[in-house]
Amino acid sequence: MSQQPETPCAAAQERPQGQDFLRARIAQDNESGRFGGRVHTRFPPEPNGYLHIGHAKSICINFGLARDFGGKCNLRFDDTNPVKEDVEYVDSIQQDVRWLGFEWEGEPHYASDYFDRLYAYAEKLIMDGKAYVDELSAEEIREYRGTLTRPGTPSPWRERPASESLDLFRRMKAGEFPDGKLVLRAKIDMASPNVIMRDPTLYRIRHADHHRTGDKWCIYPMYDFTHCISDSIEGITHSICTLEFDNNRELYDWMLDALDIYHPQQIEFARLNLTHTLLSKRKLIQLVREGHVRGWDDPRMPTISGLRRRGCTPEAIRDFCSRIGVARTADSTVDYSLLEFCVREHLNAVTPRCMAVLDPIRVVIEDYPEDKVEVFDLPLHPEDASHGSRPVPFCRELWIERDDFRENPPKKYYRLAPGAEVRLRYAYYITCREVIKDEAGNVVELRCSHDPASRGGSSPDGRRVKGTIHWVSARHARPTEVRLYDHLFLQDVPGVTGNPDDEGRPFTDFINPDSLKIVTAMAEPYLADLPAGGRVQFERLGYFCSDPDGTPEKPVFNRTVTLKDSWAKLERKL
RNA sequence: UGGGGCGUAGCCAAGCGGUAAGGCAACGGGUUUUGGUUCCGUCAUCCGAAGGUUCAAGUCCUUCCGCCCCAGCCA
Numbered sequence: 000m001s002q003q004p005e006t007p008c009a010a011a012q013e014r015p016q017g018q019d020f021l022r023a024r025i026a027q028d029n030e031s032g033r034f035g036g037r038v039h040t041r042f043p044p045e046p047n048g049y050l051h052i053g054h055a056k057s058i059c060i061n062f063g064l065a066r067d068f069g070g071k072c073n074l075r076f077d078d079t080n081p082v083k084e085d086v087e088y089v090d091s092i093q094q095d096v097r098w099l100g101f102e103w104e105g106e107p108h109y110a111s112d113y114f115d116r117l118y119a120y121a122e123k124l125i126m127d128g129k130a131y132v133d134e135l136s137a138e139e140i141r142e143y144r145g146t147l148t149r150p151g152t153p154s155p156w157r158e159r160p161a162s163e164s165l166d167l168f169r170r171m172k173a174g175e176f177p178d179g180k181l182v183l184r185a186k187i188d189m190a191s192p193n194v195i196m197r198d199p200t201l202y203r204i205r206h207a208d209h210h211r212t213g214d215k216w217c218i219y220p221m222y223d224f225t226h227c228i229s230d231s232i233e234g235i236t237h238s239i240c241t242l243e244f245d246n247n248r249e250l251y252d253w254m255l256d257a258l259d260i261y262h263p264q265q266i267e268f269a270r271l272n273l274t275h276t277l278l279s280k281r282k283l284i285q286l287v288r289e290g291h292v293r294g295w296d297d298p299r300m301p302t303i304s305g306l307r308r309r310g311c312t313p314e315a316i317r318d319f320c321s322r323i324g325v326a327r328t329a330d331s332t333v334d335y336s337l338l339e340f341c342v343r344e345h346l347n348a349v350t351p352r353c354m355a356v357l358d359p360i361r362v363v364i365e366d367y368p369e370d371k372v373e374v375f376d377l378p379l380h381p382e383d384a385s386h387g388s389r390p391v392p393f394c395r396e397l398w399i400e401r402d403d404f405r406e407n408p409p410k411k412y413y414r415l416a417p418g419a420e421v422r423l424r425y426a427y428y429i430t431c432r433e434v435i436k437d438e439a440g441n442v443v444e445l446r447c448s449h450d451p452a453s454r455g456g457s458s459p460d461g462r463r464v465k466g467t468i469h470w471v472s473a474r475h476a477r478p479t480e481v482r483l484y485d486h487l488f489l490q491d492v493p494g495v496t497g498n499p500d501d502e503g504r505p506f507t508d509f510i511n512p513d514s515l516k517i518v519t520a521m522a523e524p525y526l527a528d529l530p531a532g533g534r535v536q537f538e539r540l541g542y543f544c545s546d547p548d549g550t551p552e553k554p555v556f557n558r559t560v561t562l563k564d565s566w567a568k569l570e571r572k573l
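Okay, structure coming up:
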């Protein structure tokens with residue numbers, strides 16, 4: 000493995016990756032000196048949507064490879080289809096790649112930067128008799144292409160003189176024809192068993208403004224023509240893409256051979272699928288446009304911006320990408336719980352602890368002085384003193400979690416119940432003396448007593464109090480909006496329910512109606528001052544992230560992920 | 001159905017002829033002022049199936065089965 004490049008890929012440091020098939024192949028190329036020991040990858044999104052966690056996998060692979068082999072990685076926008084693309088997307092993509100912790104080599108590249116050169120290559124192909132202008136309509140081209148089992152039929156224009164094609168192509172460029180009138184096609188093999196090789200379209204007419212080249216062009220090159228040449232121009236060594244481009248590799252190679260220019264190696268890997276969500280740009284854009292979510296950065300979205308707003312860290316996402324590995328296993332679907340594990344693991348290490356009550360019930364400590372207020376200085380992280388501490392007020396009236404009290408406690412329940420003693424975290428032991436209900440029979444208040452000797456949360460007599468619950472001083476509590484998220488889809492694979500009646504229904508029918516639940520929580524004062532984006536653990540509940548929608552008067556928190564809850568699991572089994 | 005790709009545990013995934021890594025999930029237990037964390041332990045006599053080669057096969061050969069991709073003037 001070569002180290003010591005002139006410009007090592009600036010990329011987030013990670014623990015060393017295992018030897019996956021990509022690294023093995025690159026190591027092999029390095030040994031044989033195939034690319035002079037160079038490693039130069041690229042991440043080539045089309046700016047037609049926001050990046051999602053599937054892109055994160057590709058980003059980690061491409062930038063990670065460059066980092067590990069002392070190479071470089073470009074960012075290149077594959078912007079050959081002006082009607083789908085927008086600067087909004089190029090901006091968000093750059094932001095997301097950087098947020099993930101990677102920096103590309105030099106300036107971002109754009110396929111549109113190569114339009115002139117691409118055009119020149121197209122003319123060369125025509126002059127070499129390897130491309131022709133076709134006058135067949137789109138429908139006719141489809142018919143002439145044949146089927147998977149039947150070979151195609153040559154277009155009547157296939158053997159027209161190069162000079163005629165060249166003239167037509169130049170007039171296409173000059174804007175003499177309307178959209179769809181003519182296309183430039185490669186002359187390959189209409190009988191190829193690989194349908195992609197049956198004279199693929201290279202250029203189409205599109206009288207549309209491009210987000211970068213404006214109205215300079217009215218013909219735009221297709222992916223298969225553009226991508227290989229762009230790779231070649233940039234000196235890419237390993238052009239890594241997803242498995243569905245496997246069929247396209249033959250054309251990738253044909254084109255570079257036909258043009259006789261520098262030839263990178265395309266290698267495919269399996270794209271990421273995640274349970275309970277969708278990783279298709281087309282469907283994600285639909286969720287946004289039809290208002291099923293609040294936007295691309297809705298915390299329920301699997302987009303990088305959604306995950307960021309949700310409170311996920313770039314470290315967690317990179318760790319996830321490293322743990323899922325890279326292989327060619329077609330159609331693999333990673334369990335969402337692995338992502339949650341990575342998020343919890345990182346957040347557990349770096350996040351300060353606070354207390355908030357999501358579903359409050361009032362507690363009055365009858366034997367605690369009416370006007371007394373104590374301010375405890377509590378650690379922000381019980382296992383990492385470097386986080387420091389924060390002041391937490393305590394008084395006679397408190398909020399505790401409704402779920403932390405049971406009038407008729409099940410077996411093994413060791414929280415609050417009539418007559419039972421429980422520890423208020425870092426404060427006192429309290430015992431429930433009386434349960435107050437409203438006319439409807441709902442518990443509205445608990446009257447408790449406390450043991451003054453247990454101040455701080457332990458008693459001199461050393462008696463065991465098994466339950467510890469969190470609390471917030473009612474007099475000091477800050478009402479806070481908390482957004483609780485659940486999977487966007489309940490099924491592992493959205494839409495696949497096992498019910499035959501469900502087949503053919505649109506995927507939006509399967510959106511989890513309870514994927515967002517909003518509650519007003521009672522938070523300790525410290526939380527009200529957390530800046531947007533601030534991450535914190537609400538003790539015993541989960542990890543939360545301050546949302547930009549919040550104001551000083553009404554903070555807003557997103558639940559990133561819950562803590563594991565082995566009691567809930569136990570109770571389910573009882 | 002033509003071509004291409006892929007099948008190792010519930011989910012990812014190592015394995016490259018010498019006797020099935022690791023992670024997630026799950027399950028059991030210890031520690032614990034978060035039923036969190038952490039720690040210990042369990043979890044494939046078997047690698048899509050069947051034959052064959054070999055002293056030895058997840059790895060080689062044959063046949064079969066299943067899933068995915070390709071018939072855009074999308075990428």
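Letter by letter, the first sequence follows residues 0 to 573 in numbering that gives the first Met the number 0.
Note that beta-carbon positions come from the ideal geometry of N, C-alpha and C, so glycine has one too.
Extent of the continuous alpha helix (DSSP H) run through lysine 553 = Walking along the first sequence from the start, residue 553 turns up at place 554. Membership of lysine 553 in any alpha helix (DSSP H) is not indicated, and neither H nor E is assigned to it by DSSP.
Buried or exposed (CB count within 10 angstroms, at least 16 for buried), aspartate 546 | Position 547 of the first sequence, counting from 1, holds the residue named residue 546. Here aspartate 546 is buried: its Cβ has 16 or more other Cβ atoms, across all protein chains shown, within 10 Å.
Among the residues of its own chain, which have a CB less than 7 angstroms from the CB of proline 15, if the five just before and after it don't count?
-> Sequence index remark: in the first sequence, residue 15 carries index 16 (1-based). Confidence in proline 15 is poor, its pLDDT being 37 and thus under 50, which makes the residue's placement unreliable; the coordinate value appears in the next sentence. Non-local beta-carbon contacts of proline 15 in its own chain, meaning distances under 7 angstroms to residues more than five positions away in sequence, are absent.
When the distance is taken between beta carbons, is isoleucine 235 closer than 7 angstroms to histidine 39?
-> The residue you call residue 39 lines up with position 40 of the first sequence. The residue you call residue 235 lines up with position 236 of the first sequence. Yes, the pair counts as a contact, with Cβ atoms nearer than the cut-off.
According to the neighbour-count rule (16 or more other Cβ atoms, all chains shown, within 10 Å of its Cβ), is valine 391 buried or exposed?
-> Stepping through the first sequence from its first residue, residue 391 is reached at position 392. Taking all protein chains shown into account, valine 391 has 16 or more neighbouring C-beta atoms within 10 Å of its C-beta and is therefore buried.
Between tyrosine 219 and phenylalanine 114, what straight-line distance do the alpha-carbon atoms span, to the nearest angstrom?
-> In the first sequence, the residue the question calls residue 219 occupies position 220. In the first sequence, the residue the question calls residue 114 occupies position 115. A straight-line Cα-Cα distance of about 8 angstroms links tyrosine 219 and phenylalanine 114.
Alpha carbon to alpha carbon, how far is leucine 415 from phenylalanine 537?
-> As a position in the first sequence, residue 415 is number 416, starting the count at 1. As a position in the first sequence, residue 537 is number 538, starting the count at 1. About 19 angstroms.
Lysine 576 - partner residues in DSSP beta bridges = The question about residue 576 has no answer here: the residues shown for the chain are numbered 0 through 573.
Extent of the continuous alpha helix (DSSP H) to which glycine 305 belongs = Here residue 305 refers to the residue found at position 306 when the first sequence is read from its first residue. Following the DSSP letters along the chain, one finds glycine 305 inside the alpha helix (DSSP H) bounded by residues 303–309.
Measure from the alpha carbon of alanine 329 to the alpha carbon of each residue in Ala419, Ala207 and Asp245, then state which is nearest.
-> Walking along the first sequence from the start, residue 329 turns up at place 330. Nearest option by C-alpha distance: Asp245.
Under three-state DSSP, which class holds alanine 531?
-> For the purposes of this step, residue 531 is taken as residue 532 along the first sequence, with counting starting at 1. Alanine 531 falls in the coil class under three-state DSSP.
Complete runs of the alpha helix (DSSP H) confined to the segment 493–534 [at least 4 residues] = Within the segment 493–534, the complete alpha helix (DSSP H) runs of at least 4 residues fall at 524–527.
What's the gap between the Cα of lysine 572 and the Cα of arginine 401?
-> Working through the first sequence from its first residue, we reach residue 572 at position 573. Working through the first sequence from its first residue, we reach residue 401 at position 402. Answer to the nearest angstrom: the Cα atoms are 21 angstroms apart.
For glycine 145 and aspartate 491, the rounded distance between their alpha carbons = In the first sequence, the residue the question calls residue 491 occupies position 492. In the first sequence, the residue the question calls residue 145 occupies position 146. In a straight line, the C-alpha of aspartate 491 is about 37 angstroms away from that of glycine 145.
Arginine 75: which of Asp112, Pro81 and Tyr49 sits nearest, CA to CA?
-> Along the first sequence, one-based indexing puts residue 75 at 76. Nearest of Asp112, Pro81 and Tyr49 to arginine 75, Cα basis: Asp112.
Do isoleucine 316 and valine 362 have their C-beta atoms within less than 7 angstroms of each other?
-> Taking the first residue of the first sequence as 1, we reach residue 316 at position 317. Taking the first residue of the first sequence as 1, we reach residue 362 at position 363. Taking 7 angstroms as the cut-off, the Cβ atoms of isoleucine 316 and valine 362 do not count as close.
Sequence-distant residues of its chain with Cβ nearer than 8 angstroms to alanine 326 (five each side left out) = One-based indexing of the first sequence puts residue 326 at position 327. Excluding residues within five positions, the ones whose Cβ falls inside 8 angstroms are Asp19, Phe20, Phe268 and Ala269.
Which first and last residues belong to the alpha helix (DSSP H) in which cysteine 320 is found?
-> Taking the first residue of the first sequence as 1, we reach residue 320 at position 321. Its alpha helix (DSSP H) spans residues 313–323.
Grab the span of the alpha helix (DSSP H) containing histidine 226 for me, first residue to last.
-> In the first sequence, counting from the first residue as 1, residue 226 sits at position 227. For histidine 226, the uninterrupted alpha helix (DSSP H) run begins and ends at 222–233, by DSSP.
Indicate the three-state DSSP secondary structure (helix, strand or coil) for proline 153 in the structure shown.
-> Numbered from 1 along the first sequence, position 154 holds the residue referred to as residue 153. Correct three-state label for proline 153: coil.
Count the other CB atoms, across all protein chains shown, that sit within 10 Å of the CB of glutamate 104; report buried if there are 16 or more and exposed otherwise.
-> As a first step, residue 104 must be located in the first sequence, where it is residue number 105. Flag for glutamate 104 reads buried.
Leaving aside the five residues before and after cysteine 341 along the sequence, list all residues of the same chain whose C-beta is less than 8 angstroms from its C-beta, in chain order.
-> Taking the first sequence and counting its residues from 1, one reaches residue 341 at position 342. For cysteine 341, same chain residues with a beta-carbon under 8 angstroms away, outside a window of 5 residues either side, are Ala315, Ile316, Asp318, Phe319 and Arg322 in chain order.
So, is serine 1 buried or exposed, given that buried needs 16 or more other C-beta atoms within 10 angstroms?
-> Locating residue 1 in the first sequence gives position 2, counting from the first residue. Legend: pLDDT at serine 1 = 34, less than 50; position of this residue unreliable, value from coordinates given subsequently. The Cβ neighbour count for serine 1, taken over all protein chains shown within 10 Å, is under 16; the residue is labelled exposed.
Quick check: the segment 440–449 against the segment 514–523, are there 3 or more CB pairs under 8 angstroms?
-> No contact exists between the segment 440–449 and the segment 514–523.
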